[in-house]
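Right, one structure below, let's go through it.
In my numbering, the protein residues as written are 119 to 630.
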């Protein structure tokens, strides 16, 4: 078990850097200078960097390296951009960096997240202006075109987003194009953006191939930053082949949805486990027997009812199997929309069930796993009770718990149990860099993590990405280096030394 206690050490060891990014000989701006108030410090004391004279639009960064190591971010003991993030939204003319990074109070973290999110939105709007204007997203050679309509008046909290998936499948492009055009006219929500994407491929599994997840993530992000939709009110629904897709991406991407509804589709190998925290609708014609769609709808009706019975706090669902109707349900399935609209997405539920399917993910709600644990069928059950996080992950070697004050009180100690064993108990700092990294992975401020704890089958524990014993620099000789604009060309550096911590008076007495 790892024990972390909050530190209140005086910051007596300070590294003062006067930085001037973009300096060259003959320039009117002063040359970069790093000067050390003290050339040595003890283990357990942070290195604090004060800087000034930095060009505001630069991506200057500071790294701390063991003496003799080739400077690179991978070789750095610590590194940050001068804006205190690992993303580098903007340069700062002056400021302070601490290695390790200083923790934030609850109010500071809230303000920092608002600031980071505003900068991140501005960055995305600049970078994605063309694709937003063209209504066409292209990632790794796969393109998602879409059309949109707007319904109702915009609530103060922002409009809803309805993503509606067309049918078709393994057919000529002209057939799928016609289905795409039909889908835009099919449903009319009372309020929100009603968006109909065109599947990137003309295949039977067009809506649940691996490229769909990042394309839909980007689609949602673009509507959040451009149209200011409410990220708590995002819905997905689909008909026929689109219903096949909802059976799959409903559970796979459940942490993005408030609710999902499947119309006239087939589940193939999908499982409903991940649907615990969203509303899930299932609509089927009683005579829709092709591929045994109606039979599978009855099977899923039983599965959802069974999950709800075992876990009454989750698995809200609505199932309609219309007697006498075939593949076309005469729009009776439109009753899904007002039912779905009642649901609000919860990014921080107190219980998460995560079962990996054939398209594995690195993150789901407030859980994360590394690539080595990407395997179909692996299941994690996670709960929060007060300040204790319980993880049951029999097949997974390591799990990262993403933390926010929306999940636990980060002013108090947190306990993490893994398969019944206490792996961590202690305080965890809210860090600006964790928030910026979270936003860089997924542009969603509502689910941004303030801190992380990684535990697993072995005894090692990482808090905010670092082993507990690596929180501070170990004894040895180091260099602090200033770089500019993402380069590894040094502007200036200065050496310092970290010495072993001197024994306290009590320790000496105990030794005697």
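Where a beta carbon is used, it is the ideal one built from N, C-alpha and C, also for glycine. None of these values were measured; they are calculated from a predicted model.
Close Cβ partners of residue i (< 6 Å) along its chain, the five nearest in sequence each way excluded
i: residue 426; result: 433
i: residue 603; result: 176 and 177
i: residue 336; result: 255
i: residue 250; result: 340 and 344
i: residue 280; result: 307, 310, 312 and 353
i: residue 476; result: 494
i: residue 621; result: none
i: residue 373; result: 482 and 483
Residue i versus residue j - alpha carbon distance
i: residue 208; j: residue 178; result: 9 Å
i: residue 465; j: residue 587; result: 32 Å
i: residue 483; j: residue 537; result: 19 Å
i: residue 606; j: residue 243; result: 28 Å
i: residue 511; j: residue 404; result: 39 Å
i: residue 573; j: residue 227; result: 24 Å
i: residue 202; j: residue 473; result: 35 Å
i: residue 266; j: residue 579; result: 46 Å
i: residue 407; j: residue 331; result: 29 Å
i: residue 619; j: residue 218; result: 17 Å
i: residue 286; j: residue 264; result: 16 Å
i: residue 297; j: residue 455; result: 20 Å
i: residue 608; j: residue 181; result: 10 Å
i: residue 453; j: residue 195; result: 57 Å
i: residue 447; j: residue 192; result: 57 Å
i: residue 527; j: residue 521; result: 9 Å
i: residue 600; j: residue 270; result: 53 Å
i: residue 164; j: residue 216; result: 7 Å
i: residue 288; j: residue 499; result: 36 Å
i: residue 513; j: residue 480; result: 15 Å
i: residue 492; j: residue 478; result: 6 Å
i: residue 471; j: residue 189; result: 42 Å
i: residue 247; j: residue 429; result: 44 Å
i: residue 327; j: residue 161; result: 51 Å
i: residue 384; j: residue 284; result: 14 Å
i: residue 197; j: residue 445; result: 58 Å
i: residue 370; j: residue 410; result: 23 Å
i: residue 245; j: residue 540; result: 44 Å
i: residue 451; j: residue 382; result: 9 Å
i: residue 507; j: residue 589; result: 23 Å
Close beta carbons around residue i, own chain, < 8 Å, minus the five adjacent residues each side
i: residue 128; result: Note that residue 128 scores a pLDDT of 33, beneath 50, so its modelled location is shaky; the value from the coordinates is reported in the next line. Within the same chain, residue 128 has no close Cβ partners at all.
i: residue 530; result: 505 and 545
i: residue 222; result: 230, 547, 548, 549, 550 and 568
i: residue 557; result: 205, 234, 235, 238, 563 and 566
Any non-hydrogen atom of the ligand ATP within 6 Å of residue i CB
i: residue 417; result: The model depicted lacks the ligand ATP and carries no ligand whatsoever.
Per-residue burial, residue i [other beta carbons within 10 Å of its own, 16 or more giving buried]
i: residue 303; result: exposed
i: residue 306; result: exposed
i: residue 301; result: buried
i: residue 225; result: exposed
i: residue 449; result: exposed
i: residue 443; result: buried
i: residue 577; result: exposed
i: residue 313; result: buried
i: residue 275; result: exposed
i: residue 395; result: buried
i: residue 591; result: buried
i: residue 361; result: buried
i: residue 240; result: exposed
i: residue 490; result: exposed
i: residue 387; result: exposed
i: residue 424; result: exposed
i: residue 273; result: exposed
i: residue 290; result: exposed
i: residue 159; result: buried
i: residue 294; result: buried
Rounded distance between the beta-carbons of residue j and residue i, thought under 8 Å
i: residue 277; j: residue 348; result: 7 Å
i: residue 509; j: residue 469; result: At roughly 12 Å, the Cβ-Cβ gap does not stay under 8 Å, so residue 509 and residue 469 are not in contact.
i: residue 166; j: residue 214; result: 6 Å
i: residue 495; j: residue 457; result: The Cβ separation is near 31 Å, so there is no contact.
i: residue 515; j: residue 575; result: 5 Å
i: residue 342; j: residue 311; result: Not confirmed; about 11 Å, so no contact.
i: residue 329; j: residue 392; result: The pair is not a contact, with the Cβ atoms about 20 Å apart (cut-off 8 Å).
Beta-carbon contacts of residue i that lie in its chain and below 7 Å, excluding the five residues immediately before and after
i: residue 231; result: 553, 563 and 566
i: residue 525; result: 466, 484 and 502
i: residue 594; result: 184 and 616
i: residue 570; result: 518, 519, 520, 521, 552, 582 and 583
Short CB-CB distance (under 7 Å) between residue i and chain D
i: residue 283; result: Any reference to chain D falls outside this structure, which holds one protein chain only.
Using 8 Å as the cut-off, can you tell me whether the stretch 317-325 makes contact with the stretch 404-414, which would need three or more C-beta pairs spanning the two stretches below that distance? no
Determine contact between the stretch 364-371 and the stretch 320-327, defined as no fewer than three beta-carbon pairs at a distance below 8 Å. yes
Tell me whether the stretch 346-357 and the stretch 377-388 touch, counting them as touching only if at least three CB pairs, one residue from each stretch, are closer than 8 Å. yes
Contact between the stretch 475-491 and the stretch 436-446 (3+ Cβ pairs under 8 Å): A contact is defined here as three or more CB-CB pairs under 8 Å, and the stretch 475-491 fails this definition with respect to the stretch 436-446.
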